[in-house]
Amino acid sequence: MWTPQRVLALSAHTDDMEFSAGGFVSRLIDAQVEVYSVIFSIARASVPAGYPEDIMAQEAYAAHQIIGVDAARLTIHDYPVRYFPEHRQPILEEMVRLNREIQPDLVLVHASTDVHQDHETVHNEAVRAFKRTTMLGYLVPWNNFRLEPRCTVPLAAHFIQRKIDAVAAYKTQTMRNYSDAEFLRSWARTCGITVNAPYGEHFEVIRWVL
Numbered sequence: 168m169w170t171p172q173r174v175l176a177l178s179a180h181t182d183d184m185e186f187s188a189g190g191f192v193s194r195l196i197d198a199q200v201e202v203y204s205v206i207f208s209i210a211r212a213s214v215p216a217g218y219p220e221d222i223m224a225q226e227a228y229a230a231h232q233i234i235g236v237d238a239a240r241l242t243i244h245d246y247p248v249r250y251f252p253e254h255r256q257p258i259l260e261e262m263v264r265l266n267r268e269i270q271p272d273l274v275l276v277h278a279s280t281d282v283h284q285d286h287e288t289v290h291n292e293a294v295r296a297f298k299r300t301t302m303l304g305y306l307v308p309w310n311n312f313r314l315e316p317r318c319t320v321p322l323a324a325h326f327i328q329r330k331i332d333a334v335a336a337y338k339t340q341t342m343r344n345y346s347d348a349e350f351l352r353s354w355a356r357t358c359g360i361t362v363n364a365p366y367g368e369h370f371e372v373i374r375w376v377l
């Protein structure tokens, strides 16, 4: 498998990358790849009652530690959840800065078919900022009206277990049916079986630079 040197994972919200690409990111880190993760919202308005407003930032640090992302390479912003279209330009400018400073050779971002407005904004601005870079779009079956995986990353069981453990670090999200360990393992099994692997994760090929 082609192995990049520097990977940048872009997420609209604190748990997006873990749900959709946590296994691949964990595999990259095990291969000694530099992985940077940028989250654009801690979703204060969506935090369940009884928790501090910034709880999902704390959960994100815990989840990234499980996957293996160095805390120094995790950046968390505080854009208002569900209102990203109104903040398109500063999000783009942040991505341009990231491209200049990190110079990633692989960017992981929301797929083009994701219908969530925040995910869509992050995808669109990433295409502008990283148009000369290899980009893979991570897929989520509950948000993508069309699933068109042209790339599948085979994954061993321990990478999927790390992903499941990372998602479990988001205690505020345990009520979501897609946070269930059985679902996450079953979806990974479904992805993997398409390429004769134990588990896997699907991605959209947005741009591939060889």
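In the numbering used here, the protein residues as written are 168 to 377.
Beta carbons are placed, not taken as given, at the ideal position from N, Cα and C, and that holds for glycine.
For clarity, every value in this text was computed on a predicted model and none was experimentally measured.
With DSSP collapsed to three states, give me the class of residue i.
i: Leu-322; result: strand
i: Asn-310; result: coil
i: Met-184; result: helix
i: Ile-209; result: coil
i: Met-342; result: coil
i: Asp-347; result: coil
i: Pro-252; result: helix
i: Asn-363; result: coil
Are there 16 or more other CB atoms within 10 angstroms of the CB of residue i, so buried, or fewer, so exposed?
i: Phe-207; result: buried
i: Asp-281; result: buried
i: Ala-335; result: buried
i: Ile-331; result: buried
i: Phe-312; result: exposed
i: Val-362; result: exposed
i: Leu-175; result: buried
i: Pro-138; result: Shown here, the chain extends from 168 to 377; a query on residue 138 therefore has no answer.
i: Asp-182; result: buried
i: Arg-299; result: exposed
i: Ala-210; result: buried
i: Arg-329; result: buried
What residues match up with residue i in a beta bridge as DSSP calls it?
i: Ser-378; result: Because residue 378 is not part of the residues shown, which for the chain are 168 to 377, the question remains open.
i: Asp-285; result: In the DSSP output, where bridge partners are listed per residue, Asp-285 has none listed.
i: Met-302; result: Val-274, Arg-374
Measuring only the C-alpha atoms, how far is residue i from residue j?
i: Leu-377; j: Glu-201; result: 19 angstroms
i: His-369; j: Ile-360; result: 11 angstroms
i: Leu-303; j: Gly-217; result: 37 angstroms
i: Asp-245; j: Ala-224; result: 9 angstroms
i: Gly-235; j: Ile-196; result: 6 angstroms
i: Met-262; j: Val-274; result: 11 angstroms
i: Asp-347; j: Ser-353; result: 10 angstroms
i: Asp-285; j: Leu-265; result: 19 angstroms
i: Val-214; j: Glu-185; result: 18 angstroms
i: Tyr-305; j: Asp-221; result: 25 angstroms
i: Asp-272; j: Pro-252; result: 27 angstroms
i: Leu-241; j: His-277; result: 17 angstroms
i: Val-372; j: Arg-267; result: 22 angstroms
i: Asn-291; j: Arg-173; result: 21 angstroms
i: Tyr-366; j: Phe-191; result: 11 angstroms
Tell me the residue span of the beta strand (DSSP E) that contains residue i.
i: His-369; result: 366 to 374
i: Val-276; result: 273 to 277
Starting from residue i, trace the alpha helix (DSSP H) both ways and give me its first and last residue.
i: Tyr-228; result: 222 to 234
i: Pro-171; result: Careful: Pro-171 lies outside any alpha helix (DSSP H) and carries neither H nor E.
i: Glu-261; result: 255 to 269
i: Glu-315; result: From DSSP, Glu-315 is part of no alpha helix (DSSP H); its letter is neither H nor E.
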